[in-house]
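Below is one structure, written out as structure tokens; the observations come after it.
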Amino acid sequence: MNYEYKLSIIALVYNLEKYLPRCLEALVNQTLNNIEILCVDDGSTDSAPQIIDEFQKKYPDKIKVFHKENGGEFTTRNYGLERAKGEYITFVDTDDYVELDWAEKLYNAAKKSNADMAVCGFERIDLETNKVVAKNMTKFGNTTKIVNSKDDFVSFINPAPWNKIYKRELIKDFRFLPFRGFNDTMFLITSFINIKTIAFVPDVLYHYYLRYDSQIHTVNIKDVENLKKYLLKVKDTYIEYKKYEEFKYILDLMAFIHLGVSVMYRVSYDKTIDIKQELNKTIEYLDENFSTWRNSPFLKFGYSIKKGIKHIGLWLISKIYKINKPIIYIKIYRFLVDKIKVDIKF
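FYI, in numbering that gives the first Met the number 0 the residues of the sequence shown are 0 to 345.
Have a look at this one:
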């Protein structure tokens, strides 16, 4: 199949005029040729629309600009996804920036092994101090892995779409869901229905800035209920594509990680809720809808020992859940993060 472009880069634009030029300069100077940059303005109220219009005039062969009414992050990504024409697709948040060979290294890695997806390393940077908080997705090495029901590595791939490129043909029918803070997670999990091979590039090519006023750092009880609802939507999609029986251990593990581990920790900072009650509700929900978490082969001690410290930590959390004492996990997690300043990401 012939494609008009090697790669479509969908840049989400909503205000952040201060950081936008830095991001766009990096995109138009990518070393990979034959790319298109789709700047989708989600109803910005600062000078961001004028900035992308000026860049489009300067680089008409690379940049396409779209202005739309404000609809939120998920509508912006879907808008770009529906208009992209590249062989592969990726996304960028315009308050971040990328290395100039970001696109080329990801594209070459994917093409070399005919991978359906390529993933690169990234670093998280504190916007206020400009200090690097952590480097992630660098430990897979230069490898290509096959997505299958016997290996849980997909459960530990970060959900964000910006350090990844996807074969457009495999994700063109999927959409980001209207889910505050977790639409990335739902999209990634759903994409594994069609994605069979993933190439990894350990180089840190994407620089992600942490803004502590960002929605991803705040979770309320409504978000928890929405996550439960959308996890069921994803499960239904797997059933529709006749993939659930094959991947139920993987899907149930991801439900446990994202709901039981990550979201429960984040919502525990909401002082208006009874966290013990919410943890008990979570156990009931997992038992009813993703029940294999209790006997998952990926949460066995022997498996965890072979896989390393992160898996051992996950095994320990699952043991705490199984004795109906998840509040212990929350207290330990918060102590490590808040007091010891350990950076923990599952």
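Beta carbons are placed, not taken as given, at the ideal position from N, Cα and C, and that holds for glycine.
All of these numbers come straight from a predicted model, not from anything done at the bench.
Item	Value
Residues of its chain near Val-200, where Cβ-Cβ distance is below 8 Å and the 5 sequence neighbours each way are ignored	Lys-104, Leu-105, Ala-108, Ala-117, Val-118, Cys-119, Gly-120, Asn-141
Range covered by the alpha helix (DSSP H) that runs through Pro-48	47-57
Alpha-carbon spacing of Tyr-2 relative to Ala-83, whole angstroms	11 Å
Cutoff 7 Å; reference Lys-195; Cβ partners in own chain excluding five residues on either side	Asp-115, Ile-145, Val-146
N-terminal and C-terminal residue of the beta strand (DSSP E) that Arg-76 is part of	Counting along the chain, Arg-76 falls outside any beta strand (DSSP E), though it belongs to the alpha helix (DSSP H) covering 72-82.
Sequence-distant residues of its chain with Cβ nearer than 6 Å to Ile-9 (five each side left out)	Leu-37, Gly-79, Phe-90
Contact set for Ile-215: own chain, Cβ-Cβ below 7 Å, skip 5 residues either direction	Confidence is the limiting factor: at Ile-215 the pLDDT is only 46, short of 50, which leaves the residue's position unreliable, though a coordinate-based value still follows. Excluding positions up to five away in sequence, the list reads Gly-180.
Inter-residue Cα distance where the pair is Glu-245 and Thr-137	28 Å
For Ile-322, the first and last residue of its enclosing alpha helix (DSSP H)	Careful: Ile-322 lies outside any alpha helix (DSSP H) and carries neither H nor E.
Range covered by the alpha helix (DSSP H) that runs through Val-223	220-239
Simplified DSSP assignment, three categories, for Ile-215	At Ile-215, the pLDDT of 46 sits below 50, so the modelled position is not reliable; the number obtained from the coordinates is stated separately. Correct three-state label for Ile-215: helix.
Assigned secondary structure, Lys-17 (DSSP; H/G/I helix, E/B strand, else coil)	coil
Cut-off 7 Å between Cβ atoms - residues of its own chain near Lys-275, not counting five sequence neighbours on either side	Ile-326
Coil, strand or helix - Ile-249 by DSSP	helix
Cβ-Cβ distance between Asp-251 and Trp-292 below 7 Å	yes
Buried/exposed call for Val-218, threshold 16 Cβ in 10 Å	buried
Buried or exposed (CB count within 10 angstroms, at least 16 for buried), Ser-7	buried
Simplified DSSP assignment, three categories, for Lys-63	strand
For Asn-14 and Ser-43, believed in contact at Cβ under 8 Å, the rounded distance	5 Å
Residue nearest to Glu-283 in terms of C-alpha spacing, selected from Leu-11, Phe-152, Ala-254	Ala-254
Distance, Gly-85 Cα to Lys-5 Cα	5 Å
Stretch-stretch touch, CB-based, cutoff 8 Å, three pairs: the segment 16-28 with the segment 49-57	yes
Nearest candidate by alpha-carbon position, reference Glu-24, set Asn-32, Glu-239, Val-97, Met-0	Val-97
Beta-carbon spacing of Thr-75, Leu-169 below 7 Å	no
Outcome for Arg-333 when other beta-carbon atoms lying within 10 angstroms are tallied against a minimum of 16	exposed
Residues of its chain near Tyr-58, where Cβ-Cβ distance is below 7 Å and the 5 sequence neighbours each way are ignored	Val-27
Helix, strand or coil at Glu-168 [DSSP, three-state]	helix
Per DSSP, the bridge partner or partners of Ala-117	Ile-164, Ala-198
Span separating the alpha-carbon of Asp-150 from that of Phe-186	20 Å
Cβ-based neighbour list, Tyr-152, same chain, cut-off 8 Å, excluding 5 preceding and 5 following	Residue identity differs from the one stated: residue 152 is Phe in this sequence, not Tyr. Contacts found: Phe-139, Lys-144.
Whole-angstrom distance between Asp-337 and Ser-261, CA atom to CA atom	15 Å
Close Cβ partners of Asp-41 (< 6 Å) along its chain, the five nearest in sequence each way excluded	Tyr-13, Asn-69, Thr-75
Pair within 7 Å by beta-carbon distance, Asp-350 and Tyr-208	In the structure displayed, the chain extends from 0 to 345; residue 350 sits before or after that span and is not available.
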